[in-house]
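Novice: Before I ask anything, here is the structure I am working with.
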Amino acid sequence: RIASALREHGAQGERVLLLYPPGLDYIAGFFGCLYAGAVAVPAYPPDPMRLERTLPRLRAIIQDARASVVLTTSGILGLSDFVFEQAPDFRALHWMATDTLPEGGEQDWVAPEGLGAESLAFLQYTSGSTGTPKGVMLTHGNLLHNLSLIHGAFGARADSVGVIWLPPYHDMGLIGGILEPLHGGFPVALMSPMAFLKRPMAWLEAVSRFGGTISGGPNFAFDLCVRKSTPEQRQALDLSRWEVAFCGAEPIRPETLERFVEAFGPSGFRREAFYPCYGLAEGTLIVSGGEKSAQPVSVTISGGALERHRAEEMGAVEPGARTLVGCGRTLAEQRIAIVDPETLERRAPGEVGEVWVSGPSVAQGYWGREDATRETFQARIAREDGGPYLRTGDLGFLRPEGELYVTGRRKDLIILRGRNHYPQDLEATVETAHPILRPGGVAVFAVEVGGEERAVVVQEIDVRRLGDLRQKFEVADAAVGAIRQRLAESHEVQAHAVVLIEPGSLPKTSSGKVQRHA
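The following block contains the structure:
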């Protein structure tokens, strides 16, 4: 029915925005696009309470994708007048409420012509708070190949049961949580991401109730369940059928795995169910993963050696030791190379470099961005044939047996609870939070606290606005409070620490760029 309505509108080959809450309407809209030969563009619906944050990103996606049609629900469409007041340009789009389409339209559906493995299936816009999101071009061939990798890596069967709370707007929730069960022919129980965030144990209770065998999420999700559960709640669970607890999307902490096994082992959870893996939207989803039946592997290396781009093993109790969890090995028909990001030369096992990926799951590039596509998707290793490779922007190393360890990010992205934040976006919010803050004199970066990344703000102040000694403390406290409030409201970021410093004391390059890692 949806596909017929799209075909009637001439949407084959066009970009169609999906603006749904998580749920069955979203899935129907996505497949309606595929059946119509249109290119789906998943996006978060605008939040009426936070339009100043959600509208700019949505507008950027619509403009970048050059979308002409919006699929949504009658409930969201009922709020459109309010949205149109803030964004009059949205009126030019053709809005379609798919839950009120007249019956019988499905009889007019005909299969789109010329659709093949190289045809675009959807644009996966990169997550995070950046105002200029990039659309990753994923073909039907990319999807089918990556789904086959996931199916094999997870050992999925007809009697597997998925349980997913992840948002369907991004790769892990859509591809791993919705498309893989459909591709593999097994049932999946879907729950709202907000239901999980409000009450993390609702996720594990669903795994227990439905006998879930495949489920997972970012590192922070497992930590939340440990922190937000009581012994009585854990005792009521049966997690014995859980075979694959995939963990990815952000750095995987060994302490998290240990705490989760300790807390939920008595509930039937087995250590070998943990499945650390590595992937990214530009690689469709999964890039590497371990053996399904094996326990996670880890290695303890010298922090000092790591600074010199070497992975040297050392004892876990020695000063400066850093324990990393392995992300498995490359999967079928894919290749991983560790490359010096400056010289573009291949690095040997045990040497740290940028993670490069090649294979049928690598996306076609960024929609409408030839230069960025060339730089990211068409890399070549110096003095070697083969490729092209995808430059992931992540740093890591390979062990001799092929296990991938990710050590960090080459770029300045800050990952907090599975979400990517660009420092410059956070900094722009901070410097306008209070009159005493100096524009251009702020740095936001991440530090590791208690096994997870936390945001730290360092901000220069205009001392002339402080007044006498008593006022100085009051004004400074007010500024710190304003910074925390603005970050929470605009980005849902909780600052671990806010440090106010004198003007001119923030390290900068000769060209005036803030040195966040100085």
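With the working numbering as the guide, the letters of the sequence shown map in order to residues 1 to 518.
Built from N, CA and C at the ideal position, the CB exists for glycine as well.
1) Short of 6 angstroms in beta carbon distance, which residues of its chain neighbour V244, apart from the five on each side in sequence? Order them along the chain.
2) What is the residue span of the alpha helix (DSSP H) that W203 lies within?
3) Report the residue from V456, D394, E282 whose alpha carbon sits nearest the alpha carbon of G365.
4) Please report the distance separating the alpha-carbon of T54 from that of E401.
5) Could you tell me the boundaries of the beta strand (DSSP E) in which D394 lies?
6) Quick check: what's the CA-CA separation for R253 versus V325?
7) Can you tell me the Cβ-Cβ gap for L71 and I2, rounded? I've got them flagged as a contact below 8 angstroms.
8) Do S267 and D238 have their C-beta atoms within less than 8 angstroms of each other?
9) Determine the burial state of M172: buried for a count of at least 16 other Cβ atoms within 10 Å of its Cβ, exposed for fewer.
10) In the DSSP assignment, find the unbroken beta strand (DSSP E) run with P276 in it and report its ends.
11) Looking only at its chain, what residues have a beta carbon closer than 8 angstroms to the beta carbon of E345, apart from the 5 residues adjacent to it on each side?
12) Count the other CB atoms, across all protein chains shown, that sit within 10 Å of the CB of T343; report buried if there are 16 or more and exposed otherwise.
13) Look at S229 and M201 and say whether their C-beta atoms are less than 8 angstroms apart.
14) Decide yes or no for the touch test of the region 52-67 against the region 97-111: beta carbon pairs closer than 8 angstroms, at least 3 of them.
15) Based on the DSSP secondary-structure assignment, which residues constitute the bridge partners of Q459?
16) Tell whether a beta-carbon distance below 8 angstroms holds between S361 and H145.
17) Mapping the DSSP letters down to three states, classify G78 as helix, strand or coil.
18) Could you give the residue range of the beta strand (DSSP E) that holds Q124?
19) Since A43 contacts I27 with CB under 8 angstroms, what's their CB separation in whole angstroms?
20) When burial is assigned at 16 or more other CB atoms within 10 Å of the CB, is E571 buried or exposed?
21) Over what stretch of residues does the alpha helix (DSSP H) that includes L147 continue unbroken?
22) From the DSSP output, read off the bridge partner residues of I338.
23) Using the C-alpha atoms, what's the distance from L34 back to A121?
24) Counting only runs of 4+ residues fully inside the region 14-58, write out the alpha helix (DSSP H) ranges in chain order.
25) For F84, which residues in the same chain have their Cβ closer than 7 angstroms to its Cβ, ignoring the five residues on either side in sequence?
26) Please work out which residues of its chain come closer than 8 angstroms, Cβ to Cβ, to L77, disregarding the five sequence neighbours upstream and downstream, and give them in chain order.
27) Are three or more beta carbon pairs between the region 482-497 and the region 429-439 nearer than 8 angstroms?
28) Taking the straight line between their C-alpha atoms, what separation do you get for V519 and Q334?
29) Along the chain, where does the beta strand (DSSP E) that runs through M172 open and close?
30) If distances are taken between C-alpha atoms only, which option among G279, G353, A311, L182 comes closest to G328?
31) So G217 is in the beta strand (DSSP E); what residue range does that whole segment cover?
32) List the DSSP bridge partners of E284.
33) Would you call the CB atoms of E291 and S302 closer than 8 angstroms?
34) Whose C-alpha, out of G135, R438, E474, is nearest the C-alpha of I501?
35) Between the alpha carbons of A263 and V493, how many angstroms are there, rounded?
Specialist: Working from what's here:
1) F154, I214, Y275
2) 201-210
3) E282
4) 45 angstroms
5) 390-398
6) 7 angstroms
7) 7 angstroms
8) yes
9) buried
10) 274-279
11) V339, I381, A382, R383.
12) Exposed, because fewer than 16 other Cβ atoms sit within 10 Å of the Cβ of T343.
13) yes
14) Under the 8 angstroms Cβ criterion, the region 52-67 does not count as touching the region 97-111, having fewer than three qualifying pairs.
15) Partner(s): V442, L500.
16) yes
17) coil
18) 120-125
19) That pair is no contact at about 15 angstroms.
20) With the chain covering 1 to 518 only, the question about residue 571 has no answer from this structure.
21) 140-154
22) V355
23) 7 angstroms
24) Restricted to the region 14-58, the alpha helix (DSSP H) segments that are unbroken, complete and at least 4 residues in length are 24-36, listed in chain order.
25) Non-local beta-carbon contacts of F84 in its own chain, meaning distances under 7 angstroms to residues more than five positions away in sequence, involve F90, R91 in chain order.
26) W95, A97
27) yes
28) Here the chain has residues from 1 to 518 only, and residue 519 is not among them.
29) From DSSP, M172 is part of no beta strand (DSSP E); its letter is neither H nor E.
30) G279
31) 214-217
32) Note that residue 284 corresponds to Thr in the displayed sequence, not to Glu. None; T284 has no bridge partner.
33) Taking 8 angstroms as the cut-off, the Cβ atoms of E291 and S302 do not count as close.
34) R438
35) 27 angstroms
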